[in-house]
Amino acid sequence: MPARVIETQNLTKIFEKKAKTEGGGLRRLYKRIRPKKEQIVAVDHINFYINEGELFGLLGPNGAGKTTTIKLLCTLLIPDEGTAIVNGFDVVKRPEEVQKCIGVVTGGERGLYWRLTGRENLWFFSQLYNVPEKVAKERIDKLLKLVELEERADEQVEKYSRGMKQRLHVVRGLVNDPPILLLDEPTLGLDPASARVIRDFIKEELQAKQKKTILHTTHYMEEADQLCDRIAIIDYGKIIALDTPENLKKMIQKTDIVEIKVSNLRQEDEEKIGAIEGVKKSVVAFTDATVGEATIKIHAEKAEEIIPLTTEFLIKSGARILMLEQTKPTLEDVFISLTGRKLRD
Amino acid sequence: MNITKDWRTFKAVFLRNLKLYTSYRAWIIATVIWPLPLLAVNIYQYMAFGTAADVSDTLKPYGGIGMIVVGTVVYLLYNRLLWGTGVSIQSERWMGTIEVLFLTPTNKMIVLIASGLSSLIEASWWIFSIFFLGWAIFGVQPSITSWPAVFTCVISTMAALLSVGVFFAGFFVLTRAADQLASGLQAPIRFFSGVAFPVSALPQMLQCISYLIPVTYGISALRKCVLLSGDFGSIALDIAPLWFMTMIFLIVGQITLRIVERQTKKKGTLYLF
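Chains as they are written, first to last, in the working numbering: chain R, 2 to 346; chain A, 95 to 367.
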């Protein structure tokens, strides 16, 4: 039985947020000085474990609690309830031990010194992880080569493209050669080619060759499907499903999925589509609301029954059907069937 | 405590700061120019009134201009160390690197001290240029009999000012207003510590505040050593409170920093500006 490297039990994080100020005059001023606080449960009693060498995905829309979960596991946040054990250490009681055995990669522009070169950035962080100078130098050369940055290694990071910065982020998380990697949306905002480079690196180099245990958060369902051994779908801070990608998709095997691309669709028709007989779930995503351009996803027991009814409704309402097809279930369909919303809503 | 680990952290932070500093040419220019008018303003203010002897008996022993030179040097040291040490963690926030820094298993006190000491590279230029200007343009003649006493004064003052930075670092991270707080402290510190006049010229009540500020003791000790041929005996009453304050500020600063780190991790405000 493989060892559990990360394990959470009822892990919970609650944030306080200032409530909106209403009213006017002195009352408004008083409320601004002493605002009421409202609580937001960012992570709500989540339980999961990750086995050694596993690539585990946390899939959910923006604001679902993915980053908060990573921050709790890497000791940047202290939980309000529950526990998390990383490599045998409690994240609250032994934060320094946890920090030594993890590498954290975040997406975006932050987390690097832009006025230092790529090599200087890696050297700086290697020293904070107490890596001996000689080992650090060899490791940095190797890492830069792995992500094909060796030729630009001595240029300031501010001159790097977004994709290059992201590759540097990934290897920054590896300077201490940690057995565990926490990757928070590592392909966020990258062009498809750069994202593919990062994905291949994670799967082929980090998991297959280096046998790292990886927690990977994303809101790209294709990425989770392609990379992860198991996936937890998270929404409003709660894990609503957890299994292998295949098993998750099997959950909706008995559901037919129809995707229709239309123009001239009115926003008020969204509810009416959901009310069509035989439709179990429907989601309308407007790509250009001004011209009514949208993609409709319909879950039904039998596609052949709802297709005529839906097309008839759409034509009557003045919409123009651009494309209609029956598709295979994806992780997004799993999310729709569980929440009634699209992942990117 | 792991000395090798702390040394690696110290060296990394020190060298990083040096590289960041030299990567901005404007910073270097500002460092060269900034202290010079500050000294000149204070000196010409006095010269407008006449000689030190004409102004007041309290100024006589110091010879006026020398007093201002020493006061300005210590004040600049305070300023540099407050920014270098106290604001260093907050500036990680501005650079977007505070989270990755807090992810590393480092001793944050070492990060603060290394940041503070690296800022002395700038400060050393300021000290040199102010003493040089004081001597070359305004004719200040130092009167030193004990170099060890001068050395002790400088080290004690720097240690105390570094500890002030450590003390404020936690508050700066907590309030997320390092810029405003550090700037807000400048004028009161300059006034109460007697940068351009002896503290004895202040009303008794205000002097009580002055003696709560380490800068006051640093200025007083250095003036005695550099201008009045002071030895260890004459500076003992300035150095003792300096060391006492250093201990207190370091201990309270370390505790505050731990509390603040926990608070920000609890509230989730670590990365917020």
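Ideal Cβ placement from N, Cα and C applies to all residues, glycine included. None of the values given here were measured: they were computed from a predicted structure.
If we ignore side chains and look at the alpha-carbon of each, how far apart do residue i and residue j end up?
| i | j | result |
| --- | --- | --- |
| A:Thr191 | R:Lys72 | 15 Å |
| R:Glu53 | R:Ala4 | 6 Å |
| R:Thr76 | A:Leu109 | 27 Å |
| A:Trp337 | A:Ala253 | 8 Å |
| R:Ala410 | R:Val93 | This structure does not reach residue 410 of chain R, given that chain R is present from 2 up to 346, and the question cannot be answered. |
| A:Ile333 | A:Thr251 | 8 Å |
| R:Ala290 | R:Gln268 | 8 Å |
| R:Pro62 | R:Lys19 | 23 Å |
| R:Lys210 | R:Phe202 | 10 Å |
| R:Gln254 | R:Ala43 | 31 Å |
| R:Ile308 | R:Thr331 | 20 Å |
| A:Pro44 | A:Leu306 | In this structure chain A extends from 95 to 367, so residue 44 of chain A is not present and cannot be described. |
| R:Ile234 | R:Leu60 | 5 Å |
| R:Ile266 | R:Asn248 | Per the sequence shown, residue 266 of chain R should be read as Leu rather than Ile. Those two C-alpha atoms are separated by around 35 Å. |
| A:Pro335 | A:Asn96 | 30 Å |
| R:Glu152 | R:Lys160 | 13 Å |
| A:Val107 | R:Ile181 | 26 Å |
| R:Glu224 | R:Pro187 | 11 Å |
| R:Leu150 | R:Arg111 | 19 Å |
| R:Val172 | A:Leu331 | 54 Å |
Would residue i and residue j be called neighbours here (beta carbons separated by less than 9 Å)?
| i | j | result |
| --- | --- | --- |
| R:His170 | R:Thr107 | yes |
| R:Asn337 | R:Lys303 | Rather than Asn, the amino acid found at residue 337 of chain R in this sequence is Ile. The answer is no: Cβ separation not under 9 Å. |
| A:Val244 | A:Cys319 | yes |
| R:Tyr114 | R:Asn122 | yes |
| R:Arg66 | R:Gly238 | First, the residue type needs correcting, since residue 66 of chain R is Gly and not Arg in the sequence shown. Result yes, Cβ atoms of R:Gly66 and R:Gly238 sit closer than 9 Å. |
| A:Ser314 | A:Phe286 | no |
| R:Glu156 | R:Gly119 | yes |
| R:Leu117 | R:Val87 | no |
| R:Gly293 | R:Val259 | no |
| R:Glu55 | R:Asp230 | yes |
| A:Leu112 | A:Ile215 | yes |
| A:Val163 | A:Leu133 | yes |
| R:Gln167 | R:Ile199 | yes |
| R:Asp270 | R:Leu325 | no |
| A:Arg317 | A:Gly165 | yes |
| A:Ser328 | A:Leu322 | yes |
Using a C-beta to C-beta distance shorter than 8 Å, which residues of chain A count as neighbours of residue i?
| i | result |
| --- | --- |
| R:Glu156 | The premise fails here: R:Glu156 is roughly 12 Å from chain A at the closest Cβ pair, so nothing lies under 8 Å. |
| R:Lys101 | Pro199 |
| R:Gln128 | Arg102, Thr103, Lys105, Ala106 |
| R:Ile79 | Arg356, Lys359, Lys360 |
| R:Glu97 | Pro199 |
| R:Glu110 | Gly190 |
Residues of chain A with a CB under 7 Å from the CB of residue i: which are they?
| i | result |
| --- | --- |
| R:Asn11 | What R:Asn11 touches in chain A: nothing, since even the nearest Cβ is about 18 Å away. |
| R:Val172 | Here the premise fails: no neighbours, minimum Cβ distance about 13 Å. |
| R:Phe16 | Gly362 |
| R:Phe125 | Ala106, Arg110 |
How would you list, in chain order, the residues of chain R whose beta-carbon sits under 7 Å from the beta-carbon of residue i?
| i | result |
| --- | --- |
| A:Met189 | Tyr114 |
Check the Cβ of residue i against every Cβ in chain R and list those closer than 8 Å, keeping chain order.
| i | result |
| --- | --- |
| A:Lys202 | None at all; the shortest Cβ gap to chain R is about 11 Å. |
| A:Val163 | The premise fails here: A:Val163 is roughly 34 Å from chain R at the closest Cβ pair, so nothing lies under 8 Å. |
| A:Arg317 | Within chain R, no residue comes near A:Arg317; the closest Cβ sits about 39 Å away, beyond 8 Å. |
At 9 Å on the CB atoms, spell out the chain R contacts of residue i, in chain order.
| i | result |
| --- | --- |
| A:Phe222 | The premise fails here: A:Phe222 is roughly 26 Å from chain R at the closest Cβ pair, so nothing lies under 9 Å. |
| A:Leu255 | Correct list: empty, because the minimum Cβ distance to chain R is about 25 Å. |
| A:Ser117 | Arg116, Leu117, Gln157 |
| A:Glu216 | Near A:Glu216 there are no residues of chain R at all, since even the closest Cβ is about 16 Å away, more than 9 Å. |
**OP:** Jot down the residue ranges of each uninterrupted beta strand (DSSP E) in the stretch 132-195 of chain R, minimum 3 residues, whole runs only, in chain order.
**Re:** 181-185
Original post:
Taking three-plus beta-carbon pairs below 8 Å as touching, is the stretch 47-55 of chain R in contact with the stretch 228-245 of chain R?
Top reply: yes
Original post:
Counting Cβ pairs, one atom from each stretch, are 3 or more of them under 8 Å apart for the stretch 254-265 of chain A and the stretch 345-353 of chain A?
Top reply: yes
Original post:
What residue ranges within the stretch 242-271 of chain R form continuous beta strand (DSSP E) runs of no fewer than 3 residues, ordered along the chain?
Top reply: 257-264
Subject >> 4 or more residues per run - each alpha helix (DSSP H) lying fully within the stretch 49-105 of chain R >> reply: 67-74, 96-101
Original post:
Taking only runs of the alpha helix (DSSP H) that begin and end inside the stretch 176-255 of chain A, which ones reach a length of at least 4 residues, in chain order?
Top reply: 182-189, 192-196, 202-212, 214-230
Original post:
Is the stretch 210-230 of chain A touching the stretch 276-296 of chain A, taking contact as three or more C-beta pairs under 8 Å?
Top reply: no
Original post:
Which parts of the stretch 325-353 of chain A are runs of the beta strand (DSSP E), unbroken and 3 residues or longer, counting only runs that do not cross its ends?
Top reply: none
Subject >> Sufficient close CB pairs (3 or more, under 8 Å) joining the stretch 133-149 of chain R to the stretch 90-105 of chain R >> reply: no
**OP:** Check whether the stretch 272-287 of chain A touches the stretch 176-189 of chain A, counting contact only when three or more Cβ pairs, one atom from each stretch, lie closer than 8 Å.
**Re:** yes
**OP:** Would you mind listing the beta strand (DSSP E) stretches within the stretch 277-305 of chain R that are 3+ residues and don't spill past its ends, in chain order?
**Re:** 280-289, 294-301
Original post:
At a cut of 8 Å, does the stretch 182-194 of chain R reach the stretch 25-39 of chain R through at least three beta carbon pairs?
Top reply: no
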